[in-house]
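Shown next, in structure tokens, is the structure this report addresses.
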Amino acid sequence: MIDFTTVTMKRLPASTSRLMTSACSRSLAPSCLRLTTSLSITRARDQPSQRSFHTTTRNQLKEFFPIQETPKTHQTRPAWPHPIYTEEEINSIVVAHRNAKTWSDKIAIAGVRTLRFGLDTATGYKHERAVAKGKLAVGAEASPPVMTERKYMIRNVFLESVAGVPGMVAGMLRHLHSMRRMKRDNGWIETLLEESFNEQIPILTRLQMAEPGRFMRMMVLAAQGVWFNFFFVAYLLSPATAHRFVGYLEEEAVLTYTRQIKDIEDGKLPLWEKMQAPDIAINYWKMPQGKQTIKDLLLYIRADEAKHREVNHTLANLDQKNDPNPFVSEYKDPSLPHPGKGIRHIKPTGWEREEVI
């Protein structure tokens with residue numbers, strides 16, 4: 001797993017370190033170790049902007065995936081530039097749920113709930129639940145937060161590492177299907193691959209905040225292997241059900257990020273309150289000056305998850321073989337609200353077929 005709790009003496013002032021070392025050398029009492037650790041953690045929490053909660057040093061993080069330069073090239077820009085979101089747009093994202101109307105929908109939502117249970121168990125995800133008509137139980141106010149920065153980081157890394165699989169699998173299968181039938185795909189492939197690429201950026205962003213350990217990497221490898229093959233077979237059997245499944249999965253992602261943002265606002269994640277977003281995130285989402293904190297980063301990621309929710313719920317409503325992709329189509333009356341790459345006219349539960357075809 002990712003170990004965010006490593007504490008070292010170097011974070012203490014030199015005078016304090018010498019005093020504690022001298023005292024500990026004369027006595028091996030456990031209280032000495034507890035006091036040293038307490039002082040170190042307190043000092044780390046007082047300076048959240050320095051990212052002192054990860055195990056990897058800042059120099060190592062900078063070289064984790066450096067920009068590849070050659071004698072003739074400087075850097076490689078993304079093939080799909082991210083659309084610019086306004087502050088009003090990213091703050092307008094809401095938690096939403098599309099009611100299951102068909103047996104295909106019910107199968108999809110049952111699969112998501114099963115996957116959600118397994119993911120929650122694997123990542124240790126628990127969130128405070130209100131009781132007694134919205135009021136917390138007696139003594140809940142004094143208890144520590146259920147989710148910490150470390151727990152959220154583990155969940156986010158694990159979640160995003162498998163979230164990029166559906167778009168890649170669907171795009172690959174549609175590409176092969178198009179060549180096999182010798183017919184146009186009508187614009188679906190590009191949107192699906194772009195969605196998969198977009199899911200990769202949050203992973204690269206978090207690798208500038210902390211480095212996963214070997215156990216975490218093994219979990220991701222195993223999850224990707226199972227998830228890739230499962231979705232491959234599911235998309236062959238029923239593309240519409242597979243897209244509905246991803247739509248419901250993105251509903252859960254929007255909910256998770258909304259809770260993280262709320263926890264930051266409530267002061268439950270002090271290490272993230274003033275922390276600066278990594279440079280890769282600032283450049284990709286084109287985050288403006290003064291809006292480059294971890295909370296702002298989560299707002300952008302949540303907006304992307306909401307877009308994926310809209311895209312997959314919409315694609316699930318279409319004729320999988322013949323309908324064009326409404327998110328890259330040109331409309332006869334562009335003045336009317338219609339699907340697009342941005343979130344200006346986003347529909348949380350997707351567009352119905354009669355609205356776009």
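So in this note's numbering the end of the sequence shown lands on 357, straight run, no missing numbers. All C-beta atoms in this analysis are idealised placements derived from N, C-alpha and C, irrespective of residue type, glycine included.
- Comparing alpha-carbon positions, the option among 93, 260, 348 lying closest to residue 247 turns out to be 348.
- Rounded to the nearest whole angstrom, the CA to CA distance from residue 191 to residue 116 is 25 Å.
- Sixteen is the threshold: since fewer than 16 other Cβ atoms of the shown chains lie within 10 Å of the Cβ of residue 267, the residue is exposed.
- Secondary structure within the stretch 210–269: the alpha helix (DSSP H) runs of 4 or more consecutive residues, fully enclosed, are 214–237, 239–265 (chain order).
- Comparing alpha-carbon positions, the option among 238, 188, 251 lying closest to residue 322 turns out to be 188.
- Below 8 Å, too few C-beta pairs join the stretch 103–113 and the stretch 212–223 to call them touching: fewer than three.
- The stretch 77–95 makes no contact with the stretch 206–216: fewer than 3 CB pairs, one atom from each, lie closer than 8 Å.
- Within the stretch 68–130, the complete alpha helix (DSSP H) runs of at least 4 residues fall at 87–91, 103–123.
- Burial check for residue 94: the Cβ neighbour count within 10 Å stays below 16, so the residue is exposed.
- Between the C-alpha atoms of residue 101 and residue 72 there is a straight-line separation of about 56 Å.
- When DSSP states are grouped into helix, strand and coil, residue 200 belongs to the helix group.
- Partner residues in the beta bridge of residue 293, as assigned by DSSP, are 276.
- The C-beta distance from residue 308 to residue 250 rounds to 5 Å, short enough to meet the 8 Å contact threshold.
- By the criterion of a C-beta distance shorter than 8 Å, residue 194 is surrounded in its chain by 80, 167, once the five residues flanking it on both sides are discounted.
- The closest CA to that of residue 281, considering only 295, 150, 127, is found on 295.
- In this structure the stretch 335–347 touches the stretch 288–307; the number of beta carbon pairs closer than 8 Å is three or more.
- Here the alpha carbons of residue 164 and residue 199 stand approximately 5 Å from one another.
- In this chain, the alpha helix (DSSP H) harbouring residue 181 covers 165–181.
- Straight-line spacing of the CA atoms in residue 312 and residue 353 works out to 13 Å.
- For residue 345, the CB contacts under 6 Å within the same chain, skipping 5 residues up- and downstream, are 337 in chain order.
- In the three-state reduction of the DSSP assignment, residue 345 falls in the coil class.
- For residue 353, the enclosing alpha helix (DSSP H) begins and ends at 353–356.
- Nearest to residue 127 by C-alpha distance, out of 109, 110, 111, 151, is 151.
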